[in-house]
Amino acid sequence: MSVAEIRDQYDITAGSSNLRRRRRTEKAVSAVAILSALFAVMLLALVLGTVLFKGISQIDMDFFTKPAALFGEKGGIADALIGSALIVAMATILAVPIAILVAIYIAEYAGPKAASFFRVMLDVLNGVPAIIVGIFIYGMLVVGHGQSSVYGAMALAILMIPMVARATQEILELVPRHLREASLALGMPRWRTVYSIVLPTAIGGILTGVVIAVARVAGETAPLLFTSSITQNQISFDVHNALPTLPIRIFTLSESPSPDDQAAAWAAALVLIAFVLVMNIVAKTIAGRKRKSLEGG
Amino acid sequence: MSTVTPDPLAPAPIDRQGIRFGDVLFKGVALVAAIGVAAVLGSIAYKVFALAWPAIQEFGLSFIWTQGWNPNANVYGALVFIYGTVVTSVIALLLATPLSIAIALFLTEIAPGRVAAPIATMVELLAAIPSVVLGLWGILVFGPCVASHLEPFLNTWFGFLPIFSGDPSQAGVLPAALVLTIMIIPITSAICRELFSRVPRDLSDGSLALGSTRWEAIRRVAIPYAAPGISAAVLLGLGRAFGEAIAVTQVIGAGNTINQSLFPPGDTLGSRIASSYIGASSAIEAQSLLYLGAILLVISLVTNVSAQLIVNRFQKARRVSAG
Amino acid sequence: MKRALGLMVIVASLVAVAVVVGAATAAPAKNQDTSMTGAGSTFVFPLVSKWIPALGAAYGYNVSYSPIGSGGGIAAITAKTVDFGATDAPLSQDQFAACKGCVEVPWALSATAVMYNLPGLKCVLRLNGKLLADIYLGNITTWNDPRIVQNNGTCGLLDLKITPVYRSDNSGTTYNFTDYLASVSPTWKSKLGVGVNAQWPAGLGAKGSSGISGVLSKTPGAIGYADVAYALKNKIRFASMQNASGKYATPGLRGIQAAAATLPNKITSDGALSIVNPAKGNPLAYPISTFTYVVVSSGSSKAAELRKMVFWAVTQGQSYGKPLLFQPLPKQVQAFAYKQIKKI
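Chains as they are written, first to last, in our numbering: chain A, 42 to 338; chain B, 3 to 325; chain C, 228 to 571.
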């Protein structure tokens, strides 16, 4: 019997209007909660469904292999795909080593005050709006040197660092103390402990953090608006110049009146969302598997 | 340290000097990285203010409450954008917070485990939608829908309220606020879910044992327990809403005036920077736009740091009472 | 084994970081000499799009162009982010000073169409400057306002709200439009002035000429302004504007040509190229016509190619313009252009 049933058996006021009213409130609140969750799911389905439905018709081999079109013609997103891939890759290469080092310092070496300072610093950096980061890189580098996809990658790296560092730091703190203590007791230097024992144990969580950060940053538009928006709309691998990117392409196409452009925008959005969703699923799978091994180990 | 008998399993003896050097090097590199990142944060704040400085000097603090933005007459003022930022974000918050708490309650109290996990994932995926895609959806689908259905409905039934007066418009403060709501929900509901799942079982069990319904247990125990965390979640959502520029600029319509009604176009700090900075036609215009950026940075930082402080004090109080 | 692997990963990532940082700080290796980037006016984008493949065929030039608005074009060429900038708004003295050693050459001529979305309208809308200014000032709010019906009696104007649409980004088309409004409405001139943007009191904003066309096609009752090529491409109807002679003119080649005919026979400076609201005595002239300019940095490493490109644009390039309603440059403007090109 459930708690409620037991209670009813011995409750002399069972059936009184007060209890009925409270029960009704309970049911109403449950209903509200269920409806809210359904509402959120419906929103997701609505947006994803619209993108899928409107974008799928545009997707063909041409779309993936042709660069952008000039005024009045149909084109593809090949140039934007390559640009996005290169910029996100560069951003990841820049951000991940730095973020891991920062997390190692906070988790392994810093005293309580320093750790707290750097942790707050990371959270504050995480809260800086993406557009401000874009303006920062613009003011520091683009002015006088021109736009470049490397600058875009730097801006995205600044956005990635707090995310990866926080995930790494949390997972490092989860690594059992006895692993470190055993290693130190065996005479291994501190840095070897971290490098050979702690990091490999934490690699799953770190990878999860990286994948999530990549997914988040692949869709960022504002920093690229200032660093990689004036582009040759041709397929190019030259990272010195500004390269076209998926988010900027979607942003530009979204305002056009031409049905061709709008269809291209939906299709590009579909590709971007598919990438982001796949990354999120990959991250969850890694996290799930690693958690099992940490708990089982 | 020398052992009396050589232990075959011990690692080869390492020179003490070697230990120190490796450790110092590694720690040093990690420290340099940490300081470097802190320096980047500092430079961001410095650079934004430095670039805006000529405008700050020229207009002073009165920039914040000046309503005009007329480049042709060299009149610049932030009030319209501050108003837009605050209104869109606060509306988004008012709509998203109860929804997020309800969703969190559903996931922690009502849904069985097998149902909760996929639904939680789906709510998180809402956060994964890039803002430019939400903006695209806003321009082509949501905005027209708001203009042809939602706004006439609000106008018919609630038109006596000034915020719902006037003619419907595809682009305006209301669609922007609603898009921001969609963006905030996953953030606040994820934090609330964390909070509710951490409420100590014995507290809510005690309440149930005393005869409360589940909702009363939640209302009287879980929510007050989690209240500081909820307020931190609200502040974090607010910070996210303040900083969103792209989706907002796509659906807000670049208005220049402060209206009582939510239907006409308006503009926010981030959105105006996104639409005008690249093409700024004079130095003072660029600097004034950066002054807007400085204001945005300040309110973002204040909201985020407040959320941090609340979380810290909350955790300290918990530790004191538990310890 | 594991240690070796780990070491390799570390070395590889350090090398990668070094490469990326080195790429960033090293002098940007400019691509082949025949490659040129430009940015700016959305007004001239339809014509430039036709020029790009033609330039590739004629000289092997790899030209690319980003239509980010005239304001963006001026900013980009000032910051030397691009090889050439395009703007419909002539550079001001301050902008010339900031853009050290910049040369401005008129390279195309067209008109700003006043587009509207009035489904079921039985005739072409007729407007004059005063009405247009009042609409954008927010003084006239519905299409069946008597002031509009006065000129469009038989068209079937409905009680539909007017939504004026303007450019949210800094635009040379806005400059042309506000130039016209200021010349016909003293209220506009004093309250809002002429510029690449304005403190628009009514309506909503969209980015780019394509943005305005986009909003227009979705909003019944909307009115907006953009280069006439956008109206043609998106099949949006545009109004006949009453000129100073009292006649209604359309932004066709004839109307543009008549407006340009008001120029003096010899051009000495950029300021003389304004052809907005031509005086009485030009019955065919469309009053919102404008030249559009390319801005190039003199003495750049690509000066020779840029000279060739601009020269081609103002000579052979003009023949591509007619289907897009770009009127070929009048002789005196071409002569002026040649003079400017020599300065590059």
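Glycine included, each C-beta is placed from N, C-alpha and C at the ideal position.
How is residue i classed by DSSP in three states: helix, strand or coil?
{"i": "Asn-76(B)", "result": "coil"}
{"i": "Phe-553(C)", "result": "coil"}
{"i": "Lys-329(C)", "result": "The sequence given here places Cys at residue 329(C); Lys does not occur at that position. Three-state DSSP puts Cys-329(C) in a strand."}
{"i": "Met-468(C)", "result": "strand"}
{"i": "Leu-354(C)", "result": "strand"}
{"i": "Tyr-288(C)", "result": "coil"}
{"i": "Asp-406(C)", "result": "helix"}
{"i": "Ser-398(C)", "result": "coil"}
Buried or exposed for residue i, going by 16 or more other Cβ atoms inside 10 Å?
{"i": "Pro-346(C)", "result": "exposed"}
{"i": "Ile-141(A)", "result": "buried"}
{"i": "Val-304(B)", "result": "exposed"}
{"i": "Asn-509(C)", "result": "buried"}
{"i": "Tyr-513(C)", "result": "buried"}
{"i": "Cys-350(C)", "result": "exposed"}
{"i": "Ala-562(C)", "result": "exposed"}
{"i": "Met-195(A)", "result": "buried"}
{"i": "Ile-97(A)", "result": "exposed"}
{"i": "Met-536(C)", "result": "buried"}
{"i": "Tyr-343(C)", "result": "buried"}
From the beta carbon of residue i, is the nearest beta carbon of chain C less than 8 angstroms away?
{"i": "Trp-71(B)", "result": "yes"}
{"i": "Ser-299(A)", "result": "yes"}
How about residue i and residue j: are their beta carbons less than 8 angstroms apart?
{"i": "Val-201(B)", "j": "Ala-179(B)", "result": "no"}
{"i": "Gln-559(C)", "j": "Leu-490(C)", "result": "yes"}
{"i": "Thr-262(A)", "j": "Phe-292(A)", "result": "yes"}
{"i": "Gly-267(C)", "j": "Ser-297(C)", "result": "yes"}
{"i": "Val-522(C)", "j": "Thr-314(C)", "result": "yes"}
{"i": "Lys-416(C)", "j": "Ala-425(C)", "result": "no"}
{"i": "Thr-269(C)", "j": "Ser-395(C)", "result": "no"}
{"i": "Pro-170(A)", "j": "Leu-27(B)", "result": "no"}
{"i": "Thr-286(A)", "j": "Ala-121(A)", "result": "yes"}
{"i": "Asn-306(B)", "j": "Gly-168(A)", "result": "yes"}
{"i": "Thr-405(C)", "j": "Leu-364(C)", "result": "no"}
{"i": "Val-82(B)", "j": "Asp-204(B)", "result": "no"}
{"i": "Ser-440(C)", "j": "Asn-470(C)", "result": "no"}
{"i": "Ala-47(B)", "j": "Met-162(A)", "result": "no"}
{"i": "Gly-231(B)", "j": "Ile-193(B)", "result": "yes"}
{"i": "Ser-273(B)", "j": "Ile-254(B)", "result": "yes"}
{"i": "Gly-134(B)", "j": "Pro-288(A)", "result": "Correcting the residue type first, residue 134(B) is Val in the shown sequence and not Gly. Going by C-beta atoms, Val-134(B) is nearer than 8 angstroms to Pro-288(A)."}
Let me see if you follow: with CB-CB separation under 8 angstroms, is residue i close to chain B or not?
{"i": "Thr-269(C)", "result": "no"}
{"i": "Pro-288(A)", "result": "yes"}
{"i": "Pro-428(C)", "result": "yes"}
{"i": "Thr-252(C)", "result": "Caution is warranted here: a pLDDT of 49 is assigned to Thr-252(C), below 50, making its placement in the model unreliable, and the coordinate value is therefore given only provisionally. By this cut-off, Thr-252(C) is not an interface position."}
{"i": "Leu-178(C)", "result": "Outside the modelled stretch of chain C, which goes from 228 to 571, sits residue 178(C), for which no answer is possible."}
{"i": "Gly-338(A)", "result": "For Gly-338(A), the predicted model reports a pLDDT of 44, less than 50, meaning its position is unreliable; a value from the coordinates is still stated below. False, the Cβ-Cβ gap to chain B never drops below 8 angstroms."}
{"i": "Ala-81(A)", "result": "yes"}
{"i": "Ile-463(C)", "result": "no"}
{"i": "Ile-568(C)", "result": "no"}
{"i": "Pro-230(A)", "result": "yes"}
{"i": "Ala-425(C)", "result": "yes"}
Give a yes or no on whether 8 angstroms exceeds the smallest Cβ distance from residue i to chain A.
{"i": "Ala-256(C)", "result": "Its pLDDT being 43, under 50, Ala-256(C) is placed unreliably in this model, and the coordinates cannot settle the point."}
{"i": "Val-143(B)", "result": "yes"}
{"i": "Lys-434(C)", "result": "yes"}
{"i": "Thr-495(C)", "result": "no"}
{"i": "Trp-139(B)", "result": "yes"}
Starting from residue i, find everything on chain B with Cβ-Cβ shorter than 8 angstroms and list it in chain order.
{"i": "Thr-262(A)", "result": "Pro-132, Ser-133, Val-134 and Ile-248"}
{"i": "Leu-419(C)", "result": "Asn-72 and Asn-74"}
{"i": "Asp-164(A)", "result": "Asn-306 and Gln-310"}
{"i": "Thr-91(A)", "result": "Trp-139 and Val-143"}
Going along chain A, which residues have a C-beta under 7 angstroms from residue i?
{"i": "Val-309(C)", "result": "Ile-271"}
{"i": "Gly-438(C)", "result": "Glu-296"}
{"i": "Trp-217(B)", "result": "Thr-66, Glu-67 and Val-70"}
For residue i, return the contacting residues in chain C, with the cut-off set at a CB-CB distance below 7 angstroms.
{"i": "Val-251(A)", "result": "By Cβ distance, chain C contributes nothing, its closest Cβ being about 12 angstroms from Val-251(A), past 7 angstroms."}
Strictly below 9 angstroms CB to CB, what residues from chain B border residue i?
{"i": "Leu-215(A)", "result": "Ordered by position in chain B, no residue passes the 9 angstroms Cβ test against Leu-215(A), which lies about 16 angstroms from the chain."}
Interface residues of chain C around residue i at Cβ under 9 angstroms?
{"i": "Ile-280(B)", "result": "Ile-295, Gly-296, Gly-298, Gly-299, Ala-302, Ala-303, Asp-396 and Asn-397"}
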